[in-house]
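What follows is one structure encoded as structure tokens, with my remarks underneath.
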Amino acid sequence: MEKNDLSKPVFDFGIPHKTCSFSIIGIGGGAGRIVEKIQKNELPHVDLCVFGMNGEEIGELSLAHKYLIGTDGLGSGKDRRLAEAECKKSLPCLEQILADKLVSVFIVCLGGGTGEGCIKHFLQKAADLKVKVKLLIATLPHSSEGMEKRKNAIKVLGELEKIADGIFVVDYDALPCHTFSELFEEADKRVTDIANSFFSLLKVGLTCFDFNDVRSFLGYHSCTKFIDLFTLSGSVDYLKTELKDIQKFLPAKYVSLEDVSNLIFAIYCTRETFYDSLFKEFMGVFDDCIMMKLESTQIKWTIIESQTMPTGILRIDIFTKCN
Numbered sequence: 001m002e003k004n005d006l007s008k009p010v011f012d013f014g015i016p017h018k019t020c021s022f023s024i025i026g027i028g029g030g031a032g033r034i035v036e037k038i039q040k041n042e043l044p045h046v047d048l049c050v051f052g053m054n055g056e057e058i059g060e061l062s063l064a065h066k067y068l069i070g071t072d073g074l075g076s077g078k079d080r081r082l083a084e085a086e087c088k089k090s091l092p093c094l095e096q097i098l099a100d101k102l103v104s105v106f107i108v109c110l111g112g113g114t115g116e117g118c119i120k121h122f123l124q125k126a127a128d129l130k131v132k133v134k135l136l137i138a139t140l141p142h143s144s145e146g147m148e149k150r151k152n153a154i155k156v157l158g159e160l161e162k163i164a165d166g167i168f169v170v171d172y173d174a175l176p177c178h179t180f181s182e183l184f185e186e187a188d189k190r191v192t193d194i195a196n197s198f199f200s201l202l203k204v205g206l207t208c209f210d211f212n213d214v215r216s217f218l219g220y221h222s223c224t225k226f227i228d229l230f231t232l233s234g235s236v237d238y239l240k241t242e243l244k245d246i247q248k249f250l251p252a253k254y255v256s257l258e259d260v261s262n263l264i265f266a267i268y269c270t271r272e273t274f275y276d277s278l279f280k281e282f283m284g285v286f287d288d289c290i291m292m293k294l295e296s297t298q299i300k301w302t303i304i305e306s307q308t309m310p311t312g313i314l315r316i317d318i319f320t321k322c323n
């Protein structure tokens, strides 16, 4: 009789161990700057990469993985067609980065030559390689940069919706800033926050919520790929008040709460707060305020432990899609 080998698992599901199942890929100079900021958050199991045509620009980045599109390193000159032609030569390199990835997030600042010229080919390569989740975080140029540039960027977004599984848009025109330096800083922060919040959804939480819950949010119950995100943070009493009227936080395209087709609540707190009686009271109000008002909405929620939050304080990331 064969003896049991105690060094082997009782059940072998054949799931290979992956050191990095996720990737964030910035395309162009502006996106490279953002990815470098994301690096400071030390996201686990995430490869950070940047592709650009300006050799000097990407050379200044502290990222370990940065790739030059083209051979001269002199930039795209805002020429989308030049970037598109050159980026095809980089697809074999991209293929190696995307191999065996579950999730790939592409960051692009639309309005520039490199980002607009390359993003469609990069997303399509991810689709060809069967990456399970292909997410796009894109910025739209400010109207002061020219209405034609903005119009073209919006057109590109429409084309990308056919390939991406989800799209977040940071619109420079919608940011409450007085100077261009403030504008770029705020846009970078919002893109960084979106990336951090999305990858936090993939963490093991304190409730039954998993990777396929995210895929369901992205792929079902809605015909749009565009996702909106806002965050609330504060005491239980504060959040109980704010959640009674969440529509005031939604973009104008949501005429009523009935326009919310899909919704994820990601609640962050310490383990001590999770077991506190006030948290149980909050969840009761949560049910009353949210579940009853959104009967036709696909609602998912998760609770994620955060060791950095003060005891008694909650943060809620709210992801929505519009009918």
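So the sequence shown is numbered by UniProt numbering: it starts at 1 and just counts up by one.
No residue lacks a Cβ here, since even glycine has one placed at the ideal position from N, Cα and C.
_Residue nearest to Val103 in terms of C-alpha spacing, selected from Phe22, Met53 and Thr270_ = Phe22
*Phe249: which of Asp228, Tyr238 and Lys240 sits nearest, CA to CA?*
Asp228
*Proximal residues to Glu242 (C-beta, below 7 Å), its chain only, five neighbours per side dropped*: Leu232
*Can you round the beta-carbon distance between Phe211 and Leu202 to whole angstroms, since I take them to be within the 8 Å contact cut?*
Their Cβ separation, rounded to whole angstroms, is 6 Å, which keeps Phe211 and Leu202 in contact under 8 Å.
*Could you check where the alpha helix (DSSP H) with Thr139 kicks off and where it finishes?*
First-last for Thr139: Val133 to Leu140, but that is the beta strand (DSSP E), not the alpha helix (DSSP H).
*Below 8 Å on the Cβ atoms is my guess for Ala31 versus Cys109; work out the distance and round it to an integer in Å.*
5 Å
*Determine the contact status of Gly70 and Glu86, defining contact as a CB-CB distance below 7 Å.*
yes
*Please name the residue in Leu263, Phe286, Gly113 and Leu175 whose C-alpha comes closest to that of Val214.*
Leu263
*asked:* Please state the DSSP three-state secondary structure of Val285.
replied: helix
*How would you call Ile194, buried or exposed, if buried means at least 16 neighbouring beta carbons within 10 angstroms?*
Taking all protein chains shown into account, Ile194 has 16 or more neighbouring C-beta atoms within 10 Å of its C-beta and is therefore buried.
_Buried versus exposed, by CB contacts within 10 Å (16 or more), Phe64_ = Here residue 64 turns out to be Ala, not Phe, going by the sequence shown. By the 10 Å Cβ count, Ala64 comes out exposed.
_Rounded separation between Met309 and Ala83 - CA only_ = Cα-Cα distance, rounded: 43 Å.
*In chain order, what residues of the same chain lie with their CB nearer than 7 Å to the CB of Asp188, ignoring the 5 residues before and after it?*
Arg33, Ile34 and Lys37
*In chain order, what residues of the same chain have a beta carbon less than 7 Å from the beta carbon of Pro251, not counting five sequence neighbours either side?*
Asp228
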